[in-house]
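Participant:
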Amino acid sequence: MTARATLSRDSTRPDRAAIHDRLRVEHGRARVRDRIAVWGMRLGVVTAFLLLWFAAGALHWMNPVFISDPVSVAESLVRQLSGPIWIDVGVTLTAALAGLALGASTGVLSGLLLGELPRFRRAVQPVVTLANSLPRPALAPIFLVWFGLGSGAKIAVAVSVVYFLLLITTLAGVDGVDADRATLARTLGMTRLQRFRLLQLPTAGPAIVAGLRLGSVYAVLGVVVAEMVASTEGLGLRLVEATNEFDIAGSFAILFLLALLAFALDWVVGQLQRRLSWGVAP
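Numbering (my numbering), first residue to last: 1 to 282.
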């Protein structure tokens, strides 16, 4: 009887392995189909946008002088990429990265600190709200007076944007800590460092990463705003020069470069999010 049962179990093992292999293959095929569908929709949206843009000028829905066309923009982009535009790309990217690093680190630390000090948080809440409501383009001339035309003013504008963004998202993540778990942690005698490492940081992690992804985009915008106000180099300055010369194709080409820059930073943060495995969909 035992030998018969053993034989029966052994006979089911190949079937289980075959079923497992078949499910794995089907899952892989489903992922491939999903990726093909997503990329197909992306290409469809881009193609539709380019066709609509081309038709708007060709059919005179809008004045072609004011909107240019995709071919002229592509030619201008290739022409600029073969010139000294890479210096401006490096200047803007460096300032954006510095602003993102400083603004994000100080914003996250401030959010975690205020989460640990609820009374102090209530005291400074009006001040934080008032400071966050200040328009960043209006601050750019002041920062230029303080820090000059170099990278200091650009970084300061980027920090002023990213800091409050990360502060607010971090506080939102800290507020998401379950009250019962927080009470249990205190009952178990956890230190503040242990509660921060084991409870607050994992809970606030998704909100922090979401803030970082937004901050990576807004850091570029902050730097460009400062460069458009007054600067000696950078993509923002080149955009103003192209617009003043009524070079619409060149303006759109620079805007495309700025979009790629922000997209690249967002992609880097997304890869960081995956490595940290904080459970936020990229």
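Idealized CB from N, CA, C, for every residue including glycine.
Using a threshold of 8 angstroms, state whether the C-beta atoms of L257 and L93 are closer than that.
Facilitator: Here residue 257 refers to the residue found at position 257 when the sequence shown is read from its first residue. Here residue 93 refers to the residue found at position 93 when the sequence shown is read from its first residue. No.
Participant: Return the first residue and the last residue of the alpha helix (DSSP H) that S160 is part of.
Facilitator: Counted from its first residue, the sequence shown places residue 160 at position 160. 151-175 is the span of the alpha helix (DSSP H), which, as asked, contains S160.
Participant: Do you know how far the Cα of A253 is from the Cα of G150?
Facilitator: Here residue 150 is taken as the residue at index 150 of the sequence shown, counted from 1. Here residue 253 is taken as the residue at index 253 of the sequence shown, counted from 1. Rounded to whole angstroms, G150 to A253 spans 24 angstroms at the Cα level.
Participant: Counting along the chain, where does the alpha helix (DSSP H) carrying A104 start and finish?
Facilitator: Position 104 of the sequence shown, counted from the first residue, corresponds to residue 104. Where A104 is concerned, the enclosing alpha helix (DSSP H) stretches over 85-116.
Participant: Give the straight-line distance between the Cα atoms of E245 and Y163, rounded to the nearest whole angstrom.
Facilitator: Reading the sequence shown from its first residue, position 245 is the one you call residue 245. Reading the sequence shown from its first residue, position 163 is the one you call residue 163. About 35 angstroms.
Participant: Considering only heavy atoms of the ligand MG, does any lie closer than 7 angstroms to the CB of T169?
Facilitator: Within the structure as shown, the ligand MG is missing, as the structure has no ligands at all.
Participant: In the DSSP assignment, find the alpha helix (DSSP H) that holds R197 and state where it starts and stops.
Facilitator: Residue mapping note: residue 197 aligns to position 197 of the sequence shown, counting from 1. Premise fails: R197 is in no alpha helix (DSSP H) and is neither H nor E.
Participant: Any idea what DSSP makes of P135, helix, strand or coil?
Facilitator: For this step, residue 135 is matched to residue 135 along the sequence shown. Correct three-state label for P135: coil.
Participant: Mind checking whether G111 and L201 have CB atoms under 8 angstroms apart?
Facilitator: Here residue 111 refers to the residue found at position 111 of the sequence shown. Here residue 201 refers to the residue found at position 201 of the sequence shown. It is not a contact, given that the beta carbons lie outside the stated cut-off.
Participant: Looking only at its chain, what residues have a beta carbon closer than 6 angstroms to the beta carbon of G236, apart from the 5 residues adjacent to it on each side?
Facilitator: Looking up residue 236 in the sequence shown gives position 236. V224, E227, M228, listed in sequence order.
Participant: Would DSSP call L43 helix, strand or coil?
Facilitator: Within the sequence shown, numbered from 1, the residue matching residue 43 stands at position 43. Helix.
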